[in-house]
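Engineer: For the sequence shown, my numbering begins at 35 and goes up steadily by one. The C-beta atom is built at its ideal place from N, Cα and C for all residues, glycine as well. The model shown is predicted, which means the values in this text are computed figures rather than measured ones. Please see the structure below; I have some questions.
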Amino acid sequence: MKHVFDLSVTSRPYRTAQLSSEGPPPPPPPGPVAIFDFTSSLPAEFSLTRASEGTYVDAGGALQIAPADTPRIDHDLMTFASLGLLVEAAGGNQLPYGREMDNAAWLKSNVTITADAHAAPDGTSSADLLNPGGGTTQCRQHATVTENTNYTLSYYALEPSSGGNGIASIRAYDISNGSEIISHKTIPITPGWGRVQVTFITPPGCVELWVNTMYKSYGNYYVWGGQLEVGVQATSYIPIDASPVSRAADVVQYVGADLGTRDVIVVYDDDSEGVLLGQSVAAGWWPALSRPRIKQILAYPVGGIPV
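Quick look at the structure:
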């Protein structure tokens, strides 16, 4: 029998392996040596103190009051998703009767207030309905302030089932200089509770304000929890009746085993990340935060954070 062999290049059953002169690829960097999760509770490796009560939104979407020295795991008011541990600086609310728009502390013009007309964010029937009449409508309060200072004015608003137009209004007027700071700002609202807020700087010489939870409005809406505070963002609501009230700072410290020097990733409520290098993760440590709500801390060997 005659055998025929095909010796063409294309008939070869294998190819010669090409060896790299650079050697094998480097191994992947090691993973984190510790992961601390703050989405449901405070990890045992940390302690928290706060010399006052503080509010937060629970997993059911209700605003709750946490006793002093109690961690606050905050949640989204609309979706109920966990936002992580709430860690705030000291703050204060300068609007007395912030939950009672029908109180005489709030001056009304061409607006009807129906008190306790709806369930508020805290679950109590304490939200007031503001119903504008003809002309310029106002629900406002006087406030004493400091010039050249950042302030944030906020309140919770809810679109009613009828009579609303999907917007709420907010205003800050400089009494000292006789001029508008924030004039008739309108903000969209929905049938679910949301927070209306505006931040501004008091002009030179400004020591008195009018602040409005309704101004030149064209539809009604529910209002609860007015707050005026120093700072560039609205912090957790501070319940207030007749007099200004303060909230103490949250102080968090690491109390776990000494991890030595580590590079750290901090995961915030919006899933953004902050990278802190060369952190001494030992007793008393806590990262410098750029946002007040934290979901996770991941500790890596120095130089080990994935690129």
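#1: Counting C-beta neighbours from all protein chains within 10 Å, is the total for S116 16 or more, i.e. buried, or is it exposed?
#2: Measuring only the C-alpha atoms, how far is G318 from T148?
#3: Which residues mark the beginning and the end of the beta strand (DSSP E) in which T220 is found?
#4: As an exercise, report each continuous beta strand (DSSP E) stretch of at least 3 residues that is fully enclosed by the stretch 110 to 145, in chain order.
#5: Quick one: grab the DSSP three-state call for L311.
#6: Does D304 pass the burial test, meaning 16 or more other C-beta atoms within 10 Å, or should it be called exposed?
#7: State the beta-bridge partners of N165 as determined by DSSP.
#8: In whole angstroms, what separates the C-alpha of I328 from that of V300?
#9: Could you tell me which residues DSSP puts in a beta bridge with L82?
#10: Near Y271, what residues of its chain come up, given a Cβ to Cβ distance below 7 Å and the 5 sequence neighbours on each side ignored?
#11: So if DSSP puts I235 in a beta bridge, which residue, or which two residues, is it bridged to?
#12: Specify the secondary structure class of S280 as computed by DSSP and reduced to three states.
#13: Restricting to Cα atoms, I'd like to know which of R205, A206, A191 is closest to N199.
#14: So V264 is in the beta strand (DSSP E); what residue range does that whole segment cover?
#15: In this structure, how does DSSP classify W227 when only helix, strand and coil are distinguished?
#16: Can you tell me where the beta strand (DSSP E) holding Q172 begins and where it ends?
#17: What residues are listed by DSSP as bridge partners for Y189?
#18: With DSSP collapsed to three states, give me the class of F39.
#19: Starting from L243, trace the beta strand (DSSP E) both ways and give me its first and last residue.
#20: Are there three or more Cβ pairs, one per stretch, closer than 8 Å when the stretch 78 to 94 is compared with the stretch 102 to 109?
#21: The beta strand (DSSP E) that contains A202, what's its start and end?
#22: V245 and A177 - do their beta-carbons sit closer together than 8 Å?
#23: Strictly by DSSP, which residues pair up with Q267?
#24: What residues in its chain sit with their C-beta under 7 Å from that of D136, if we drop five residues either side in the sequence?
#25: Please classify A317: does DSSP put it in a helix, a strand, or coil?
#26: Only counting the same chain, and skipping five residues up and downstream in sequence, which positions put a Cβ closer than 6 Å to that of R174?
#27: For the beta strand (DSSP E) holding F70, just list the boundary residues, first then last.
#28: Under a Cβ-count criterion, where at least 16 other Cβ atoms within 10 Å of its own Cβ denotes burial, should A322 be classed as buried or exposed?
#29: When burial is assigned at 16 or more other CB atoms within 10 Å of the CB, is H109 buried or exposed?
#30: Candidates V298, G290, T220: which alpha carbon is nearest G337's?
#31: Residues in the same chain with beta-carbon distance under 6 Å from S33, minus the five sequence neighbours each way, listed in chain order, please.
Structural biologist: Well, looking at it:
#1: Counting Cβ neighbours within 10 Å, S116 comes out buried, since at least 16 surround it.
#2: 50 Å
#3: 213 to 222
#4: 116 to 120, 125 to 127, 141 to 143
#5: strand
#6: exposed
#7: T146
#8: 7 Å
#9: According to DSSP, L82 bridges with V286.
#10: T89, L97, G259, Q261
#11: N184
#12: strand
#13: A191
#14: 255 to 264
#15: coil
#16: 172 to 178
#17: V230
#18: Note that F39 scores a pLDDT of 32, beneath 50, so its modelled location is shaky and nothing firm can be said.
#19: 242 to 249
#20: yes
#21: 201 to 208
#22: yes
#23: Answer is none; Q267 lacks a bridge partner.
#24: Excluding residues within five positions, the ones whose Cβ falls inside 7 Å are I147, A149, D162.
#25: In this structure, A317 counts as coil in the three-state DSSP scheme.
#26: In the same chain as R174, and ignoring 5 residues on each side of it, the C-beta atoms closer than 6 Å to its own belong to L141, W244, N246, in chain order.
#27: 68 to 71
#28: exposed
#29: buried
#30: V298
#31: Here the chain has residues from 35 to 341 only, and residue 33 is not among them.
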